[in-house]
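Structure first, commentary second.
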Amino acid sequence: MKFTKILAACIGLISMTACSGSDEFNTESGVSVEMAQGAITVKENKGLFNVPVVLNGNTNGNVKVTIKVEGSGENPALPFEEKDGKWSGNFIVTSKTVNIPQGVSEVNIEINTHDDFDENPDRTFTVTIVSAEGASIGNLASTIVTIKDNDSLPYEKIQGAWKFKFFSVANDKDSFWDVTINGFEDNTPEYGNLLTLDGLSGFISPATGKPTSLDLDFHSLVSSGETFVEMVLPEPIAVYDSSSYLWAMVGELTEDGKVSLDRVQSVIRGDVSEDFKTISFDPEIGIAFVVASPDLRNIYGVRELAYDFSITR
């Protein structure tokens, strides 16, 4: 798992929402726009996701689509906005208009969920095409989006955006990295057992274009009420270049100012607070981020040594 996840490559679709150079709208007949799906379900901690809009027919210019987003169903989702000096809500719409250039058949409406950490029934909202310039509106004008609550299950509740806070030996000061804890789909053996901590060191692999990814073994004990994660180090967390990986491993700063690295497997436990907003580790343990060969026999350099680290919302 630890090596294959680094070497795996994927090709994704790019959200195309920009106009072409021309401002002229389509004049060809028989062109329509509609939603690609009648319903979509996302988890509350999903963050950014796409609601696709498709174009049917051949165009000779641009098509501009305007949408309306509003809560629906028995437990309507609300837009995340400020009311009386307080921010609250469940989703953010990046833009309520999308432009479809000539020759493009599908674009995406970008929406961001907001995780509130409260247990509640699933919420729903509807994305509806209300107007289109250069096309008519097809039969499927709306997509119903269901936001599934994640706060009743510890494995779901821990997922989302965090900050990895630490004392940086390289910079001799307190620092942090924006990181994300991600889980696996509920039809996989990893679900409920394994998480990934993505974004450590702020490094983006030039080989894969992806951030670092460190495995976290997940444990939630009903008998004691404890929830904790474990790092099993050393672990390769990114492809560094054609001949080396970026590794996370236990390390310490010696009295003569050098970094001592531990190649022996160590399990580092992090305890999750009751409100799921802090993951605490032993402050005496240091994690070194090291460029090394795939077999860890050759160490090429230490990018950072992090002490007194924790993960916080």
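Counting in my numbering, the sequence shown runs from 3 upward without gaps. All residues carry an ideal CB built from backbone N, CA and C; glycine is no exception. Please read all numbers here as calculations on a predicted model, not as lab measurements.
When secondary structure is reduced to three states using DSSP, Leu80 falls in the coil class, being assigned neither helix nor strand. Taken in chain order, the complete beta strand (DSSP E) segments of 3 residues or longer contained in the region 144-169 are 144-150.
With a cut-off of 8 Å on Cβ pairs, the region 274-283 is not in contact with the region 138-146, counting fewer than three such pairs. Every beta strand (DSSP E) stretch that sits fully inside the region 200-267 and reaches 3 residues is listed by chain position as 215-223, 228-235, 237-243, 246-255 and 261-263. With contacts defined as CB atoms closer than 8 Å, Ile131 and Val35 qualify as a contacting pair. Bridge pairing for Ile183: Gly162 and Leu199 [DSSP].
Counting only the Cα atoms, Asn114 lies some 23 Å from Ser133.
Close CB contacts of Asn195 within its chain, under the 8 Å cut and outside five residues either way in sequence, are with Asp219 and Phe220 (chain order).
Relative to the Cα of Gly204, the nearest Cα in the group Glu108, Met233, Ile239 and Phe27 belongs to Ile239. Non-local C-beta neighbours of Asn47 in its own chain, meaning closer than 6 Å and more than five positions away in sequence, comprise Asp117, Asn152, Gln161 and Gly162, ordered along the chain.
Taking C-beta atoms under 8 Å as the contact rule, Val55 and Val100 qualify, at a distance of about 6 Å. For Tyr193, no beta strand (DSSP E) run applies, since DSSP gives it neither H nor E. The C-beta distance from Ile289 to Val252 rounds to 7 Å, short enough to meet the 8 Å contact threshold. Looking at Phe82, Leu307, Glu286 and Ser31, the one whose alpha-carbon comes closest to that of Leu57 is Ser31. For the pair of segments examined, the region 264-271 was found to touch the region 214-234: the number of CB pairs separated by less than 8 Å reaches three. With three or more CB-CB distances shorter than 8 Å, the region 298-313 counts as touching the region 166-184. In this structure, Gly75 is the residue among Pro156, Arg299, Gly75 and Ile42 with its C-alpha nearest to the C-alpha of Pro123.
Taking every protein chain shown into account, the CB of Ala137 has 16 or more other CB atoms within 10 angstroms, so this residue is buried.
In chain order, Ile183, Gly185, Leu218 and Phe220 place their CB closer than 6 Å to the CB of Leu197, counting only its own chain and leaving out the 5 sequence neighbours on each side. Excluding sequence positions up to five before and after Lys98, its CB lies within less than 6 Å of the CB of Ile69, all in the same chain and listed in chain order. In the structure shown, Glu30 adopts coil according to DSSP, grouped into three states. Sequence-distant Cβ neighbours of Glu192 in its own chain, meaning closer than 7 Å and more than five residues away, are Phe186.
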